[in-house]
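As given, the protein sequences belong to chains A and B, one line each in that order. Going by the UniProt record's numbering, 563 is the number at position 563 of the first sequence; the sequence numbering is gapless. Going by the UniProt record's numbering, 396 is the number at position 396 of the second sequence; the sequence numbering is gapless. Please read the structure below before turning to the comments.
Protein chains: 2
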Amino acid sequence: MSLLGKKALDVAANLGRRRFLNSAAALGAVTVGLAACKENTQGSAASAPAAAPAPAASPKTAPKTEITAAPETRGFVGGAGSTEIHPGQLDTHYGVWSGGHTGDARILGIPSGRELHRIPGCCPDPMVGWGWTNESKAVMGTKPDGTLEFTTGDTHHIHCSYKDGIYDGKYAWVNDKLNARLVRIRMDYMVTDKILKLPHVQGFHGIFPDKRDPVDPNINYTTRVFCGQEFHVPLEKIDAKTVNDDANYGCVFTCVDAEKMEVKWQARIDGNCDLVATSFDGKLAGTNQYNTENGVTYPDMMSAEVDACLIFNVARIEQAIKDGKFTHLGNNKIPVVDCRLDANKDPKTALAVRVPVPKNPHGVNATPDGKYFVCSGKLSPTCTVIELQKVLDWFDGNLDDIAKAVVAEVEVGLGPLHTTFDGRGNAYTTLFLDSQVCKWNIDKAIKKYAGDKSVNPIIDKIDVMYQPGHINATHAETIEADGVWMGVGNKFSKDRFLPIGPLHPENDQLLDITGERMVLVHDTPVRGEPHDFVIFKREWLNPKQVYDMDDFPLAVHSAEEAGVTRNGNKVTVRIVAFAPAYEPNVFNVKVGDEVTIILTNIDRVEDLTHGFGLPDYNIQFLVNPQETKSVTFKADKPGVFWYYCTNFCHALHLEMRGRMIVEP
Amino acid sequence: MSLLGKKALDVAANLGRRRFLNSAAALGAVTVGLAACKENTQGSAASAPAAAPAPAASPKTAPKTEITAAPETRGFVGGAGSTEIHPGQLDTHYGVWSGGHTGDARILGIPSGRELHRIPGCCPDPMVGWGWTNESKAVMGTKPDGTLEFTTGDTHHIHCSYKDGIYDGKYAWVNDKLNARLVRIRMDYMVTDKILKLPHVQGFHGIFPDKRDPVDPNINYTTRVFCGQEFHVPLEKIDAKTVNDDANYGCVFTCVDAEKMEVKWQARIDGNCDLVATSFDGKLAGTNQYNTENGVTYPDMMSAEVDACLIFNVARIEQAIKDGKFTHLGNNKIPVVDCRLDANKDPKTALAVRVPVPKNPHGVNATPDGKYFVCSGKLSPTCTVIELQKVLDWFDGNLDDIAKAVVAEVEVGLGPLHTTFDGRGNAYTTLFLDSQVCKWNIDKAIKKYAGDKSVNPIIDKIDVMYQPGHINATHAETIEADGVWMGVGNKFSKDRFLPIGPLHPENDQLLDITGERMVLVHDTPVRGEPHDFVIFKREWLNPKQVYDMDDFPLAVHSAEEAGVTRNGNKVTVRIVAFAPAYEPNVFNVKVGDEVTIILTNIDRVEDLTHGFGLPDYNIQFLVNPQETKSVTFKADKPGVFWYYCTNFCHALHLEMRGRMIVEP
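Shown next as structure tokens:
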């Protein structure tokens, strides 16, 4: 009863279907018909065989290279290439990481790779009470019965808000592919403050904030977040016919208001969106698209030899909406424009343009000089460089063929997925199949593509372990890319860490890119699958360490305001926590009561967090200094239930407790 | 309406109530009436003030010391005291960590401190699908409606199974304080395989496995896990009278069958259990007890000057049960014996004995030579050393006063919480209030207590950052304690890491203890609050990297076995995953159907894990190589739902997907 396309099955059968990594390499080679570039390769260009032991430690594959940055720029103690942060020293950079199928975001210290924080968003977090407190439920969204609408998620791409071309430390956004949610994190307290479920979208993949407004020069900061969709689905009526009529499934590209966290507009598109990039001038947003064939089976998705980087003219779209040139999907009020190929053939009126790139591309990244989008080939061993001024020229009617916006197509190796930059004109592309990173020069790639055969854009290659995906150098996606550290997110770790059972960690590797050649300096195991990340200097963030009690309307300001009030069977218990006690430390309710506990931590000392655990009632949360949280539940079990402080706070922390007495 | 005891409020008021760390130090000093020992102190004996900046890096407070272990024992490259593990190198030790209020367990590499794995147990884990799959729900426990009974937890103490006095790599256990559950992890696959909710218990705190049978010499391995209770509650009838009658609340100590994960017996006790320790000969289990006063308010809990290490005679208790000398609590069949003070005054028949220790002790740890339990004083600046042979002598009628089992009471500093050992006769005790670790010699402490005033047992002190709790040296709780590395779990990190908002990480510090003086070598930030941990050499574990398909009764062995079957409105969908495809990749159901998806990963390659995400149906889980999992849900929404691989598996991973078509 095979429903899998015959062609794919044949391919799989021919490859033995088990020899994954070898077969992946083989499939890449067969599909693409090209061998990896071999120039300037430090290590072996071949992928590590699936079952073979790891190659020896990197010092052999990555000889020490001269570190050109001044020591103070490096900001760490130790020899060149050392990432050791000695006790009492601080990391020099923040890493902002997506959490993958854990549904959270993570803050790392770089270069040490140490995880400093996990920020829950899509999924409940028992430690802080995310998903238990009334405040977090309001952010996450609930069903009519008050339970959470979703408790699982799959965060992929994370990016921060911009001002004047660098991160302003205000927000980070990360997408939940699983349930099509956009999560916003406020970076002052490093907590999730808004979650938006995108309508009509399934398989929400790439995101990117804009960097300034396309029209108003005074808006030099992020006001939009662009969101791509992967999966084709029926976009309007759902009935027995439409769900089975795959020829009429569709996709949308969504623009979200960054501040309000509401959808501004959506655009009908062809194809499946992979990643999203935005130009530094605010005028263009692009998404790499595979499956422009609009296929629903594996062979159909790969039938065309050319896919696209679809580039949107933001100002034109928003002017069209102002002019009333939009429709709706379903019952909501969101304006929808048409950015499909057929509706956008005239450059003078086109809202979007399809720049041709080889089939099934993956990432798209904007160079820090603002000039180019670089599309990674995935099934093509190339990166395609698109000059953004030429795209604007096309929209202005000054370029006859959009294909001419492609100014380079550089052969980098097998399975190029993502590209980052060092601010010195070089690009670094992950090669999934080769398990390498390729460093190449953008200007030289353009010269070579223009016909200068004497130029070799490839500067260096280095083995990484293994199968790299995302890559990002220090503030590479800002105008201040400095080319000091580079993180590489490897999808497989295999034998790089002590064995921990069948589920392996992934391997986030750190490379020193200050020299001509890359140097591998650190392996960090990570719980899968933190797709994407950005790294930037610590001076760009200034988080607050203690809350402002006035930000919490329910705050219980002192022991005098604490106590129990009853309204029918609704009981409100106001509690203050101060090390090492709660006030009150005992209260009585009756079975059947609806109990709301409001808890304020009135301690002011930094790091003096208290917890509240209520046994057998499945309730637990933390309150940080000056913070207030609340929970509501039904007292459905009689007995004595000791609430206790779950977060070590004092020498008498164990004694910090109180009783909820539930009378039958 | 203050319900807090007046005495405590007065104390708090006098202390200003805000200046936590200072007040904690002051409270300790006031209560105990003793100053910290100042001998041999490397750094300042005073706790770091709450608001002051951190002291300079440890090199100043911990001068370099001669490393006496041979380099090959150290197993890492770098200078003395370096923890840097270069790319391609492996850590030398496993760290098995409790996860705290995240409800999981964690595997770390030591000395790098890198987190290799998180093992969900008490709480759902969206990444692996723990709490979503039918298999994990069966382990976690469900309510009659099929939803999970508990979704939050608070894991505290983690210990591994023993054979011949060392870890055998079979199991680890960790307790959930919040919902009184004992979680067992099988260490071959590093997954939770059993969870037991302890009856009658609230505030389940310390645990420890036994190390051999007290009677049968052939049973030289763990067969019991001992579990302490903190919170006094009504143990039998729950009615309006008993819940308010705090004078008649009680506690039990529980013995669990390590293999069956069933309660073997329970013992009525006085007081609140903190930690648990077991003797290497299997004969004794001990628990440090505070609140032997059985108070329910803060001042009452601290009224007595003396509390206890309660030590159980395991063989006697089990013989008593064989002899039918037990009762029951409530309706279950668990035999319950009486280990309260009044019932155990005659040494010849006593089932347990109360060894007096200063008020409100905290941890209790067994020395690796098998001779002693060391109780840490918490509110007393002392550690109490109990000679286990003398306790056995008391049970045998050969010691007239159990107080004589105390062979030392060494002054270590303010706020001693936990103690570990180096196998060379030295103990290391965390001082919560002093923010230090004190190294002291056990034999010298005994000599001094016996009257030799010329002896000074204190060898070294070192500042740690800040407020340390648990402490463990490499395989310190086995007969092969080797005194190489020592971990210290600090409850506060304050300024040791880049700021990440109000919620600070904790700080697990690593110290080199091979020399006479301790050397602080690494700060690892950790998400709170990983209470306890053990560290042991990597050779003691041998996890399996690929599952055996035969272990899964529902396994779908090949694409030929895949497909859809229907029985009324119950639909079973058998799917195989193999990179980069599912088979089948489309199936239809109708709204209202109960759908069970059974998914087998038929790839055999190590590290080739697939995922399964089902949008808008809130379903996500992983399948490792050769693993099978299942989920059951109601198809309650019509539409097209693309299931997709959530775990990057192949260059065409993004294309690995299929459709569940739900017809209206």
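All residues carry an ideal CB built from backbone N, CA and C; glycine is no exception. Since this is a predicted model, take the numbers as computed values, not measurements.
- Taking 9 Å as the cut-off between beta carbons, the residues of the region 639 to 657 of chain B near chain A are Gly639, Val640, Phe641, Trp642, Tyr644, Thr646, Asn647, Phe648, Cys649, His650, Ala651, Leu652, His653, Leu654, Glu655, Met656, Arg657, in sequence order.
- 8 Å or more divides the Cβ of valine 573 of chain A from the Cβ of alanine 559 of chain A.
- Beta-carbon to beta-carbon, proline 214 of chain A and alanine 315 of chain A are separated by about 4 Å, close enough to satisfy the 8 Å threshold.
- At the C-beta level, phenylalanine 536 of chain B and alanine 481 of chain B stay beyond 8 Å of one another.
- Taking the Cα of lysine 264 of chain B as reference, the smallest distance to any Cα among B/Asp270, B/Gly377, B/Asn272, B/Val252 is reached at B/Val252.
- In this model, glutamate 539 of chain B and threonine 83 of chain B are separated by some 19 Å (Cα to Cα).
- Tyrosine 643 of chain B and phenylalanine 612 of chain B do touch by the CB rule: their CB atoms are close to 6 Å apart, below 8 Å.
- DSSP places tryptophan 132 of chain A outside both helix and strand once states are collapsed to three, so it counts as coil.
- Residue state for proline 209 of chain B is assigned as strand, using DSSP reduced to three classes.
- Of the candidates B/Gly203, B/Glu411, B/Lys163, B/Pro199, the residue whose Cα lies closest to the Cα of aspartate 176 of chain B is B/Gly203.
- A check of alpha carbon separations from proline 368 of chain A across A/Val640, A/Asp164, A/Gly95, A/Met127 identifies A/Asp164 as the nearest.
- Only residues of its own chain outside the window of five on either side were considered, and among them Lys390, Asp393 have a CB closer than 6 Å to the CB of leucine 399 of chain A, listed in chain order.
- Contact annotation, glycine 487 of chain A with aspartate 508 of chain A: C-beta distance approximately 6 Å; criterion of less than 8 Å satisfied.
- At least one CB atom of chain A sits nearer than 8 Å to the CB of lysine 494 of chain B.
- In the structure shown, the three-state DSSP call for methionine 301 of chain B is helix.
- Its chain contains Val252, Thr254, Ile334, Val336 as the residues whose beta carbon lies nearer than 6 Å to that of glutamine 266 of chain A, once the 5 sequence neighbours on both sides are disregarded; these appear in chain order.
- Around the CB of histidine 328 of chain A, fewer than 16 other CB atoms lie within 10 Å, so the residue is classed as exposed.
- Neighbours of lysine 378 of chain B in chain A, taken as residues at a C-beta separation under 7 Å, are given in chain order as Ala651.
- Rounded to whole angstroms, the separation of the alpha carbons of glycine 658 of chain A and cysteine 273 of chain A is 53 Å.
- Judged by DSSP in its simplified three-state form, leucine 148 of chain A adopts strand.
- Against chain B, a Cβ distance below 7 Å from phenylalanine 432 of chain A picks out Ala651.
- With fewer than 16 other Cβ atoms from the protein chains shown falling within 10 Å of its own Cβ, valine 591 of chain A counts as exposed.
- Lysine 439 of chain A sits buried, since 16 or more C-beta atoms from the chains shown fall within 10 Å of its C-beta.
- For valine 374 of chain B, the enclosing beta strand (DSSP E) has its first and last residue at 372 to 376.
- According to the DSSP assignment, tyrosine 643 of chain A belongs to the beta strand (DSSP E) that extends over 639 to 644.
- By the neighbour-count criterion, in which 16 or more other beta carbons inside 10 Å mark a residue as buried, proline 499 of chain A falls on the buried side.
- Using a Cβ-Cβ distance cut-off of 8 Å, the region 641 to 655 of chain B and the region 143 to 162 of chain B are not in contact, since fewer than three pairs of beta carbons, one from each stretch, lie closer than that value.
- For lysine 634 of chain A, the uninterrupted beta strand (DSSP E) segment begins and ends at 628 to 634.
- Partner residues in the beta bridge of arginine 268 of chain B, as assigned by DSSP, are B/Val252, B/Asp338.
- Under DSSP, tyrosine 189 of chain B forms no beta bridge with any residue.
- Exclusion of the five residues before and after valine 521 of chain A leaves Gly81, Thr83, Leu510, Asp512 as the residues of its chain whose Cβ lies within less than 6 Å of its Cβ.
- Taking the Cα of valine 174 of chain B as reference, the smallest distance to any Cα among B/Ala180, B/Arg186, B/Ile158, B/Asp168 is reached at B/Ile158.
- Residue burial annotation: valine 353 of chain B is buried, with at least 16 other C-beta atoms found within 10 angstroms of its C-beta.
- A residue is called buried once 16 or more other Cβ atoms fall within 10 Å of its Cβ, and valine 464 of chain B is buried on that count.
- Excluding the 5 residues flanking it on each side, glycine 103 of chain B has same chain C-beta neighbours closer than 6 Å at Cys122, Cys123, Gly153, Thr155, in chain order.
- In the three-state reduction of the DSSP assignment, phenylalanine 395 of chain A falls in the helix class, which pools H, G and I.
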